[in-house]
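Asker: Provided herewith is a single structure, encoded as structure tokens, for subsequent inquiry.
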Amino acid sequence: MSFAIFSIPLLGTACGLGLGWAARRLRAETDPIVNRIDRLLPQTQCGQCNFTGCRPYAEAIAAGQAELNQCPPGGEAGIRALANLLGREPLPLNPENGLEKPAAVAVIDELACIGCTLCIEACPVDAILGATKQMHTVIAAECTGCELCLPPCPVDCIVMEVPQPAMDRRRRPGPALAAGGP
Amino acid sequence: MQDSAVELARNAGQRLFHFHGGLHLRHHKQACCQVALQAVAIPPRLYIPLMQHAGPEATPLVTIGAHVLKGEPVGRFDEPSIGYVHAPTSGTVTAIARQAITHPAGLEGLCVVLKPDGLDRWIQLQPIEHWQSVDPELIRQRICESGIVGLGGAVFPTSKKVEEARKSAIHTLILNGAECEPYISCDEMLMREQPDKVVLGALILQRAVAAEQVIIAIEDQMGEVFSALQTAVSKAECTHIRLVKLRTIYPEGGEKQLIQVLTGLEIPAGCRPPELGLLCHNVATAAAVAEAVTEGKPLVQRVVTVTGNGVKRPRNLLALIGTPISNLVDACGGYTQDAARLVLGGPMMGYALASDQNPVIKAANCILVLSSRDIQPDQAEMPCIRCGECARVCPALLLPQTLNWQIRNDLLDDASDSGLGECIECGCCDYVCPSHIPLVEWFRFGKSEHHLLALERARSDLARDRFLAREARLEQLKQDRERRLSEKKHALQDRPTVESGTTGQGPA
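Given below as structure tokens:
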């Protein structure tokens with residue numbers, strides 16, 4: 001009888017200690033949900049979601065303070081991916097945040113540019129090159145198409161252009177599309 | 001890779017094995033193997049696409065109005081290990097324009113339009129006479145400069161393959177003559193008519209990668225090819241070249257499948273044959289290498305099979321790169337009355353072309369003209385019934401029905417984890433699917449979408465890094481400013497005590 005009284009609590013304590021140790025030392029590293037949301041956002045850093053960048057928006061989604069449908073550059077596909085990750089129903093894009101547009105890059109009309117550096121300060125990814133009273137230019141490969149450089153320009157010499165994709169970046173029509181079916 | 005596997009790979013071809021799945025298909029090769037190889041006349045205009053293989057287009061090296069000689073480079077690829085696109089004959093460049101090229105998705109690409117002068121004059125050729133004794137690197141460079149790509153259909157740059165292979169110890173060079181797809185017979189004709197060139201190319205490639213032995217794998221249905229190659233091998237007096245006859249089954253001409261048949265070893269997903277000490281090249285590639293090294297001629301022509309019930313006299317033709325396909329069909333007596341569809345490649349892996357004005361490219365092994373009686377009426381796609389036939393025939397051991405479901409539901413990462421990248425697009429699953437689901441079409445679409453997704457992710461990662469770097473910089477600037485401000489404030493706070501001392505002393 002005494003054997004049972006002592007052995008069961010002893011066994012329980014040993015198991016508890018073992019599990020407690022395992023929970024601390026052998027914990028599976030999971031990616032925080034904010035990082036996973038952030039990876040699905042297009043990283044244009046355009047602020048159309050009413051947050052200062054993609055990361056703050058991701059934090060707001062994770063905290064339940066923002067809806068999934070506030071990112072126009074991500075578009076419907078982005079909303080679907082977010083809904084899939086978070087196990088929620090996809091919502092249509094909120095038109096108050098903007099409309100989905102084809103990806104574009106900013107192009108500076110270099111003859112009209114007066115070298116004021118205002119666009120350089122506005123660019124969230126440092127994709128504009130130039131100096132005071134020197135011509136500015138956009139590094140096309142690094143431009144996210146956020147359009148934040150458009151409003152500050154005093155001479156309106158920046159336009160958004162949809163680039164012709166390189167041969168290896170063109171979209172192949174899907175079978176259903178190719179056949180004209182559903 | 002394990003040493004034991006490399007040891008097993010060394011015995012390649014001693015015993016033959018099987019790969020999973022595959023199909024026994026009717027050959028349809030007799031019709032075009034009965035007439036000798038014939039060159040197509042130089043057409044009035046050549047359209048040379050500056051994109052000949054995967055990757056970005058070449059940059060044109062010529063201007064409109066320039067006169068070029070046969071074999072002169074007209075385009076250069078940015079990546080140094082890929083080489084050039086060459087003028088297939090001498091003539092004048094009349095335009096460099098964007099137009100429909102021979103591409104599965106029917107895309108437009110930049111083409112150099114050449115008006116031949118009819119003289120067919122070569123540039124100064126610089127053969128490497130003593131290739132047996134030169135530095136192997138020189139051979140690789142020549143292969144690169146000659147614009148040679150894998151002529152079996154995948155058009156992977158040969159010099160790049162050789163360069164990668166030289167990093168690992170290659171013991172066996174395999175020449176792939178197992179042309180398993182129905183209708184296509186260009187390699188068979190080449191081996192029959194120019195066996196010496198194939199064997200010479202094999203020896204040069206062997207020298208380039210320092211392999212110990214060469215295996216030339218052909219199919220058992222190729223008739224005279226075996227004896228032709230045997231004569232060529234004995235003429236070349238090499239004891240380390242072996243001919244292996246394989247039992248015909250589709251798709252045994254696939255690189256991984258061929259290696260499995262020869263060695264019994266499966267190349268793991270994401271690995272390449274050089275890790276087992278094996279290197280695989282197509283026989284036509286070997287012949288092109290022989291021409292480039294011993295004659296100095298770059299790759300400006302290839303053997304193309306023109307066949308099917310839609311042409312009057314099916315045959316194999318030697319065509320310049322850039323020749324419009326219509327000229328090839330004309331050289332075969334033209335279309336029959338019931339010609340219905342033009343396909344580039346074979347019936348299993350080929351793709352339909354929109355127009356016969358598309359030019360011959362380096363990847364064009366076969367022009368198949370199907371007649372209306374060959375084409376099955378369009379059968380409506382039905383839901384997948386999970387019969388599993390597709391998985392039974394898949395030579396890459398994939399589960400096509402799962403991949404299909406994943407791609408349709410936009411689960412591209414899952415599809416990639418399920419081995420989408422390992423799909424060789426052989427079409428076996430399509431062929432057996434009782435629900436007529438265009439599986440391979442979906443897989444090609446999925447691969448291209450996944451590729452674009454990866455590019456998009458790389459782009460957004462770059463944007464994130466730059467955004468974070470900028471945030472950090474701005475934060476640093478802000479802190480610096482605050483520090484300076486607080487230093488100034490401290491300086492100001494220190495001063496009044498001094499001032500109070502002086503003012504205190506004043507009245508006294």
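Listed in order, the protein sequences are those of chains A and B.
With the first letter of the first sequence counted as 1, position 135 gets the number 135 in the working numbering; the numbers rise by one all the way through.
With the first letter of the second sequence counted as 1, position 55 gets the number 55 in the working numbering; the numbers rise by one all the way through.
Ideal placement from N, C-alpha and C gives every residue a C-beta, glycine not left out.
None of these values were measured; they are calculated from a predicted model.
Is E137(B) near G83(B), with beta carbons less than 8 Å apart?
Answerer: In terms of Cβ geometry, E137(B) and G83(B) do not form a close pair [threshold 8 Å].
Asker: Helix, strand or coil, according to DSSP, for G181(A) in the structure here?
Answerer: In this prediction, G181(A) scores a pLDDT of 33, lower than 50, which makes its location untrustworthy; the coordinate-derived value is nonetheless stated afterwards. Three-state result, G181(A): coil.
Asker: Would V329(B) be called buried (16 or more neighbouring beta carbons within 10 Å of its own) or exposed?
Answerer: buried
Asker: Compute the Euclidean distance between the alpha carbons of S326(B) and V134(B), then round it to the nearest angstrom.
Answerer: 43 Å
Asker: Check V369(B) in the structure and name its three-state DSSP category.
Answerer: strand
Asker: Any beta-carbon of chain B closer than 8 Å to the one on P95(A)?
Answerer: For P95(A), the answer is no, since every Cβ of chain B falls outside 8 Å of its Cβ.
Asker: To the nearest angstrom, how far is the alpha carbon of S159(B) from that of P347(B)?
Answerer: 30 Å
Asker: Could you tell me which uninterrupted alpha helix (DSSP H) segments, each at least 4 residues in length, are contained entirely in the segment 365-448 of chain B, listed from first to last along the chain?
Answerer: 389-393, 400-408, 412-417 and 428-432
Asker: Taking 8 Å as the CB-CB cut-off, is R247(B) touching chain A?
Answerer: no
Asker: Look up E67(A) in the DSSP assignment and say whether it is helix, strand or coil.
Answerer: For E67(A), the secondary structure class from DSSP, reduced to helix, strand or coil, is coil.
Asker: Quick one: what does DSSP say Y250(B) is sitting in, helix, strand or coil?
Answerer: strand
Asker: May I have a chain-ordered list of the beta strand (DSSP E) segments no shorter than 3 residues that lie completely inside the segment 285-356 of chain B?
Answerer: 301-307, 315-320 and 339-344
Asker: Using a threshold of 8 Å, state whether the C-beta atoms of Q132(A) and E110(A) are closer than that.
Answerer: The identity of residue 132(A) in the sequence shown is Thr, whereas the question assumes Gln. No; because the gap between Cβ atoms is not below 8 Å, this pair is not in contact.
Asker: For F467(B), count neighbouring Cβ atoms within 10 angstroms of its own Cβ and tell me buried if that reaches 16, exposed if not.
Answerer: buried
Asker: Using 8 Å for Cβ pairs, my map puts R26(B) next to Q132(B). What's the rounded Cβ distance?
Answerer: Actually they are not in contact, since the Cβ atoms of R26(B) and Q132(B) sit about 44 Å apart, beyond 8 Å.
Asker: Since K245(B) sits in a beta bridge, which residues does DSSP pair it with?
Answerer: Under DSSP, K245(B) shares a beta bridge with I218(B).
Asker: List the residues of chain A that P550(B) touches, going by C-beta distances under 8 Å, in chain order.
Answerer: Coverage of chain B is limited to positions 1 through 508, which leaves residue 550(B) absent and any answer about it impossible.
Asker: So if DSSP puts T13(A) in a beta bridge, which residue, or which two residues, is it bridged to?
Answerer: Note: T13(A) sits in no beta bridge, so no partner.
Asker: Please classify T188(B) as buried or exposed, where buried requires at least 16 neighbouring CB atoms within 10 angstroms.
Answerer: Before going further, note that residue 188(B) is Glu rather than Thr in the sequence given. Taking all protein chains shown into account, E188(B) has 16 or more neighbouring C-beta atoms within 10 Å of its C-beta and is therefore buried.
Asker: Could you tell me the boundaries of the alpha helix (DSSP H) in which V199(B) lies?
Answerer: P195 to V209
Asker: Between the segment 122-137 of chain A and chain B, which residues of the former have CB atoms less than 9 Å from a CB of the latter, in chain order?
Answerer: Going along the segment 122-137 of chain A in chain order, one finds C123, P124, V125, D126 and A127 with a Cβ nearer than 9 Å to chain B.
Asker: Starting from Q260(B), trace the alpha helix (DSSP H) both ways and give me its first and last residue.
Answerer: E255 to T263
Asker: For P438(B) and chain A, any beta-carbon pair shorter than 8 Å?
Answerer: yes
Asker: Quick one: grab the DSSP three-state call for I361(B).
Answerer: coil
Asker: Around the C-beta of G181(A), are 16 or more other C-beta atoms found within 10 angstroms, so that it is buried, or is it exposed?
Answerer: Low per-residue confidence applies at G181(A): pLDDT is 33, beneath 50, and the placement is therefore not dependable, though the value from the model is reported in the following sentence. Exposed.
Asker: Give a yes or no on whether the minimum CB-CB distance between T398(B) and chain A is below 8 Å.
Answerer: Per the sequence shown, the amino acid found at residue 398(B) is Leu instead of Thr. Cβ-Cβ to chain A under 8 Å: no for L398(B).
Asker: Closer than 9 Å, Cβ to Cβ, to anything on chain B: give me those residues from the segment 33-58 of chain A, in chain order.
Answerer: D38, R39, L41, P42, Q43, T44, Q45, G53, C54 and R55
Asker: From L577(B) to E164(B), what does the alpha carbon distance come to, in whole angstroms?
Answerer: Lying outside 1 to 508, the shown extent of chain B, residue 577(B) is not represented and no answer is given.
Asker: Just mark T63(B) as buried or exposed, buried being the case when its beta carbon has 16 or more other beta carbons within 10 Å.
Answerer: exposed
Asker: From V93(B), C111(B) and G71(B), pick the residue whose C-alpha is nearest to that of T59(B); which is it?
Answerer: C111(B)
Asker: Can you look up H18(B) in the DSSP assignment and give me helix, strand or coil?
Answerer: coil
Asker: DSSP puts E108(B) in a beta bridge; with which residues?
Answerer: In the DSSP output, where bridge partners are listed per residue, E108(B) has A100(B).
Asker: When the cut-off is 8 Å and only beta carbons count, does P175(A) lie next to chain B?
Answerer: yes
Asker: Can you tell me which residues form a DSSP beta bridge with H281(B)?
Answerer: L175(B)
Asker: In chain order, what residues of the same chain lie with their CB nearer than 8 Å to the CB of E100(A), ignoring the 5 residues before and after it?
Answerer: The residues are P72, P73, G75, E76 and L93.
Asker: Looking at chain A, which residues of the segment 458-476 of chain B have a Cβ within less than 7 Å of any of its Cβ atoms?
Answerer: Here the close residues are S460, L462, A463, R464, R466, F467 and R470.
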